[in-house]
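Report on the structure given below.
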Amino acid sequence: MTDTPLLEVHDITAGFGAVTVLHGVSFEVPRGSIAGIFGLNGAGKSVTMKCLAGVVPTRSGSVLFDGEDVTRMSPERRVARGMGHVPQGRQVFPDLTVEENLRLGAYTLRRRNRSRYQAALDGVFDRFPVLRDRRTQKAGTMSGGQQASLAVGRALINEPQLILVDEPSAGLSPVATLELDAVLQEVAKTGVTMVLVEQNIAFGLSLVDTAHLMQTGTVVHSGPVAELDDQTLATHLGIGRVLQAAAGSALAARQAPRPKEKARARRTA
Amino acid sequence: MLQVLVLGLMNGGIYAIFALGVVLVYRGTGVLTFAHGEIGTIALYFAYFLVAKVGLPWSIGALGAIALAALLGGAFEFLFVRRMVNADPVSTVVLTVGFGLFLLAAEFFFFGASPRNLEPPTKHYFFVIDNVVVRPWQVAALVLALVLGFGLQSALRRSDFGLGILAAAQDPAAVRLVGVPLSRVTLTVWSVGAGLSGLAALLVEPSVGVIAPGYASELFVIGLAAAVVGGLTSLPGAFVGGVVLGIAQSASSRYLGSFGVSGLQYIVVLTILLVVLLGRAYAPEVRRRLATPHAGAPSTTTAGAAA
Chain A
1 MTDTPLLEVH
11 DITAGFGAVT
21 VLHGVSFEVP
31 RGSIAGIFGL
41 NGAGKSVTMK
51 CLAGVVPTRS
61 GSVLFDGEDV
71 TRMSPERRVA
81 RGMGHVPQGR
91 QVFPDLTVEE
101 NLRLGAYTLR
111 RRNRSRYQAA
121 LDGVFDRFPV
131 LRDRRTQKAG
141 TMSGGQQASL
151 AVGRALINEP
161 QLILVDEPSA
171 GLSPVATLEL
181 DAVLQEVAKT
191 GVTMVLVEQN
201 IAFGLSLVDT
211 AHLMQTGTVV
221 HSGPVAELDD
231 QTLATHLGIG
241 RVLQAAAGSA
251 LAARQAPRPK
261 EKARARRTA
Chain B
270 MLQVLVLGLM
280 NGGIYAIFAL
290 GVVLVYRGTG
300 VLTFAHGEIG
310 TIALYFAYFL
320 VAKVGLPWSI
330 GALGAIALAA
340 LLGGAFEFLF
350 VRRMVNADPV
360 STVVLTVGFG
370 LFLLAAEFFF
380 FGASPRNLEP
390 PTKHYFFVID
400 NVVVRPWQVA
410 ALVLALVLGF
420 GLQSALRRSD
430 FGLGILAAAQ
440 DPAAVRLVGV
450 PLSRVTLTVW
460 SVGAGLSGLA
470 ALLVEPSVGV
480 IAPGYASELF
490 VIGLAAAVVG
500 GLTSLPGAFV
510 GGVVLGIAQS
520 ASSRYLGSFG
530 VSGLQYIVVL
540 TILLVVLLGR
550 AYAPEVRRRL
560 ATPHAGAPST
570 TTAGAAA
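Taken in order, these protein sequences are the chains called A and B. If you read the first sequence in the numbering used here, its first letter stands for residue 1, the second for the next number, and so on. If you read the second sequence in the numbering used here, its first letter stands for residue 270, the second for the next number, and so on.
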């Protein structure tokens with residue numbers, strides 16, 4: 001059982017109306033590994049993520065989670081099965097307090113086993129002490145980096161087997177991105193399985209073990225990050241991305257500022 | 270003066286209960302409902318049917334009416350709103366108008382156009398404040414509105430599912446991603462919101478005395494206005510909005526009634542609505558100007574200095 005990948009995606013297609021966005025996406029995520037999905041705008045990264053979450057229906061193909069076919073399962077039942085989410089744009093509930101956000105994050109844990117909640121809450125507070133200090137503060141009034149911590153903590157508290165992280169750096173300031181990087185590196189050390197979608201290649205490559213490169217709705221390259229070379233990146237993501245990745249791998253901590261990166265992406269597109 | 274206040278509070282409680290239903294549905298699903306007035310009316314007809322035709326006591330009829338209202342709201346969500354998840358919310362709003370008209374037609378079909386009368390539970394209990402006869406159900410309406418307006422939110426915060434309802438108002442997509450069954454959240458708010466309309470219709474009927482098709486919709490429109498005055502997302506706001514409009518209405522009929530213009534009280538209510546909406550739209554601008562003096566004035570001095 002433990003040999004089977006935690007997540008298996010077999011040839012899924014999906015789209016909206018007459019438009020097909022995913023033309024047969026396949027990849028596997030072994031237990032304890034961190035997979036990254038990279039690609040240009042419109043390559044289908046986010047839609048893939050939404051299919052994994054169950055928010056966008058798949059038209060064909062299948063998604064196996066922990067050996068179980070979850071292709072037709074609702075998002076909330078997938079969460080109950082052990083999927084966790086750090087949604088795009090770190091969607092915390094702004095009008096709820098930090099603790100209420102975490103309590104909602106533990107929604108299915110509390111239904112499974114209410115007595116575990118307090119320990120799980122303490123675990124998150126130990127990992128992110130800032131959340132303990134601000135437990136009664138409204139989430140919307142915290143800084144971007146703190147909200148990112150909350151979004152990650154809200155996913156962790158439910159004791160998930162798999163965490164789907166969708167474009168975590170999108171819309172964050174460079175400082176907050178650094179904070180988030182530290183948070184996710186910390187989570188990666190716990191051995192939890194993660195799938196990460198990221199525009200910011202340098203940021204993404206610093207976190208993941210395996211990279212899946214997407215182009216026009218299919219996975220065009222899958223392999224360990226260690227074996228990725230500039231040629232592969234340039235072929236599938238465009239030359240601007242290579243420059244950015246090179247800058248990133250040389251000094252992963254010092255990110256290119258967002259506006260510049262966006263301009264580059266536009267030039268290469 | 271006291272008379273105006275008492276009358277206003279009595280009506281305001283009713284408006285507030287309608288408004289609470291509107292706010293609950295709006296918060297939970299982002300849809301403004303126009304169907305709840307007619308849901309209230311048809312629920313009242315059902316109570317009339319149970320009491321006058323079947324011969325059941327008033328209390329059973331009332332429970333039946335609230336249950337039917339909740340059932341109609343839930344069924345509407347289950348059969349229609351749920352299928353409109355990806356549609357523009359405005360389309361769903363139009364759907365609620367259609368549902369209201371459907372119910373109105375059903376009232377005519379089953380009960381005809383002539384007014385019916387539902388005997389109130391007690392005729393003998395009342396007290397008098399400053400020449401105004403106050404009946405127990407009027408007090409009940411005000412107390413219920415007060416309790417729900419200020420208690421419902423904290424009650425919701427106490428349970429996980431209630432917290433899910435509050436969160437769904439802020440971000441329905443994210444609610445599903447933490448594992449809260451969104452469809453159960455929307456089903457619940459539609460049922461409870463509609464149930465509140467049934468309750469409001471029941472509590473106001475003895476004061477009006479008769480039921481006619483479309484009868485609760487007129488009150489519901491003021492309830493809708495009260496919800497908007499209260500900010501549309503705030504439950505306490507819905508209570509305050511209801512009471513403000515209730516008092517404004519009774520004050521206008523007391524002091525402006527001598528003009529002999531029918532419908533003047535509605536003009537007053539809608540004027541308040543207009544002023545509140547305009548005020549809300551311009552408030553940020555006004556605040557900005559107050560915070561930075563002369564910000565609105567052309568800055569000739571700096572322009573001159575720059576030149």
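Backbone N, C-alpha and C fix where the C-beta goes; we use that ideal spot for every residue, glycine too.
Cβ-based neighbour list, residue 220(A), same chain, cut-off 6 Å, excluding 5 preceding and 5 following:
Residue numbering aside, residue 220(A) sits at position 220 when the first sequence is read from its first letter. If we look at residue 220(A) and ignore the five residues flanking it on each side, its Cβ neighbours are 213 and 236.
If we cut at 8 Å on Cβ distances, does residue 273(B) have a partner in chain A?
Counting from 1 along the second sequence, the entry for residue 273(B) is found at position 4. Not closer than 8 Å to any Cβ of chain A, the Cβ of residue 273(B) fails to qualify, so no.
Return the residue from the list 227(A), 100(A) and 173(A) that minimises the CA-CA distance to residue 425(B).
Within the second sequence, the letter at position 156 stands for residue 425(B). Comparing Cα-Cα distances from residue 425(B) to each of 227(A), 100(A) and 173(A), the minimum goes to 100(A).
Minimum C-alpha distance to residue 164(A) - residue among 191(A), 181(A) and 35(A)
Position 164 of the first sequence, counted from the first residue, corresponds to residue 164(A). Selected option, being the one with the closest Cα: 35(A).
Quick one: which unbroken beta strand (DSSP E) runs of 3-plus residues sit fully inside the region 397 to 444 of chain B? Chain order, please.
401 to 403
Between 58(A), 162(A) and 183(A), which lies nearest to residue 192(A) when the distance is taken from Cα to Cα?
Along the first sequence, read from residue 1 onward, the residue named residue 192(A) stands at position 192. Nearest option by C-alpha distance: 162(A).
For my contact list, residue 409(B) and residue 472(B) are in at a C-beta cut-off of 8 Å; report their separation, rounded to the angstrom.
Mapped onto the second sequence, residue 409(B) falls at position 140. Mapped onto the second sequence, residue 472(B) falls at position 203. Their Cβ separation, rounded to whole angstroms, is 6 Å, which keeps residue 409(B) and residue 472(B) in contact under 8 Å.
Helix, strand or coil at residue 136(A) [DSSP, three-state]:
Here residue 136(A) refers to the residue found at position 136 when the first sequence is read from its first residue. Here residue 136(A) sits in coil by DSSP.
Residues bridged to residue 141(A) by DSSP?
As a first step, residue 141(A) is located in the first sequence; it is residue number 141 there, counting from the start. None, per the DSSP bridge assignment.
Neighbour list for residue 450(B) in chain A, Cβ cutoff strictly below 7 Å:
Here residue 450(B) is taken as the residue at index 181 of the second sequence, counted from 1. Under the 7 Å cutoff, chain A gives 76.
Which residues share a DSSP beta bridge with residue 84(A)?
Taking the first sequence and counting its residues from 1, one reaches residue 84(A) at position 84. In DSSP, residue 84(A) forms a bridge with 163(A).
Segment limits, beta strand (DSSP E) that includes residue 393(B):
In the second sequence, residue 393(B) corresponds to position 124, counting from 1. Premise fails: residue 393(B) is in no beta strand (DSSP E) and is neither H nor E.
Span of the beta strand (DSSP E) around residue 49(A):
For this step, residue 49(A) is matched to residue 49 along the first sequence. First-last for residue 49(A): 45 to 53, but that is the alpha helix (DSSP H), not the beta strand (DSSP E).
Checking contacts by CB at 8 Å: is residue 285(A) closer than that to chain B?
There is simply no residue 285(A) to check, as chain A begins at 1 and stops at 269 in what is shown.
Mapping the DSSP letters down to three states, classify residue 385(B) as helix, strand or coil.
Walking along the second sequence from the start, residue 385(B) turns up at place 116. Three-state DSSP puts residue 385(B) in a strand.
How far does the beta strand (DSSP E) with residue 214(A) in it reach, from first residue to last?
Working through the first sequence from its first residue, we reach residue 214(A) at position 214. 210 to 215 is the span of the beta strand (DSSP E), which, as asked, contains residue 214(A).
Counting contacts by CB-CB distance shorter than 8 Å, is residue 439(B) in contact with chain A?
Reading the second sequence from its first residue, position 170 is the one you call residue 439(B). Yes - at least one Cβ of chain A is within 8 Å of the one on residue 439(B).
Please check the pair residue 98(A) and residue 137(A), which I expect to be a contact at CB under 8 Å, by giving their CB distance rounded to whole angstroms.
What you label residue 98(A) is simply residue 98 of the first sequence in a count that begins at 1. What you label residue 137(A) is simply residue 137 of the first sequence in a count that begins at 1. Correct: roughly 6 Å between the Cβ atoms.
Under 8 Å between the Cβ atoms of residue 356(B) and residue 507(B)?
On the second sequence, position 87 is the one that residue 356(B) refers to. On the second sequence, position 238 is the one that residue 507(B) refers to. Their beta carbons are not under 8 Å apart, which means residue 356(B) does not touch residue 507(B) by this criterion.
Sufficient close CB pairs (3 or more, under 8 Å) joining the region 507 to 518 of chain B to the region 298 to 308 of chain B
Contact fails: fewer than three Cβ-Cβ distances are below 8 Å.
Alpha carbon to alpha carbon, how far is residue 385(B) from residue 330(B)?
Here residue 385(B) is taken as the residue at index 116 of the second sequence, counted from 1. Here residue 330(B) is taken as the residue at index 61 of the second sequence, counted from 1. The alpha-carbon atoms of residue 385(B) and residue 330(B) are separated by roughly 15 Å.
Does residue 504(B) come within less than 8 Å of chain A when only Cβ atoms are used?
Numbered from 1 along the second sequence, position 235 holds the residue referred to as residue 504(B). Residue 504(B) does not count as touching chain A.
Please report the straight-line C-alpha distance between residue 83(A) and residue 53(A), rounded to a whole angstrom.
Taking the first residue of the first sequence as 1, we reach residue 83(A) at position 83. Taking the first residue of the first sequence as 1, we reach residue 53(A) at position 53. Going from the Cα of residue 83(A) to the Cα of residue 53(A) covers about 8 Å.
Given a threshold of 16 other Cβ atoms within 10 Å of its Cβ, counted over all protein chains shown, does residue 552(B) qualify as buried or as exposed?
Looking up residue 552(B) in the second sequence gives position 283. Exposed, since its Cβ has fewer than 16 Cβ neighbours within 10 Å.
By the DSSP assignment, the beta strand (DSSP E) with residue 224(A) in it spans what residues?
If you number the first sequence from 1, residue 224(A) lands on position 224. It spans 218 to 224 - the beta strand (DSSP E) in which residue 224(A) sits, taken as one unbroken run.
So for residue 474(B), helix, strand or coil by DSSP?
Here residue 474(B) corresponds to residue number 205 of the second sequence, with the count starting at 1. Here residue 474(B) sits in helix by DSSP.
Short CB-CB distance (under 8 Å) between residue 105(A) and chain B
Here residue 105(A) is taken as the residue at index 105 of the first sequence, counted from 1. With 8 Å as the cut-off, residue 105(A) counts as an interface residue toward chain B.
Mind listing the chain A neighbours of residue 324(B)? Cutoff is C-beta to C-beta under 8 Å, in chain order.
For this step, residue 324(B) is matched to residue 55 along the second sequence. None at all; the shortest Cβ gap to chain A is about 45 Å.
Measuring only the C-alpha atoms, how far is residue 115(A) from residue 5(A)?
As a working mapping, residue 115(A) is identified with position 115 in the first sequence. As a working mapping, residue 5(A) is identified with position 5 in the first sequence. Whole-angstrom Cα-Cα distance: 30 Å.
Is the Cβ of residue 59(A) closer than 8 Å to any Cβ of chain B?
The residue given as residue 59(A) occupies position 59 in the first sequence. Not closer than 8 Å to any Cβ of chain B, the Cβ of residue 59(A) fails to qualify, so no.
Please name the residue in 196(A), 234(A), 209(A) and 151(A) whose C-alpha comes closest to that of residue 49(A).
Numbered from its first residue, the first sequence carries residue 49(A) at position 49. The shortest C-alpha separation from residue 49(A) is found at 196(A).
Does the beta-carbon of residue 259(A) have 16 or more other beta-carbons within 10 angstroms, so that it is buried, or is it exposed?
Within the first sequence, residue 259(A) is the residue found at index 259, counting from 1. With a pLDDT of only 41 at residue 259(A), under the threshold of 50, the placement of this residue in the model should not be trusted, and no figure is reported.
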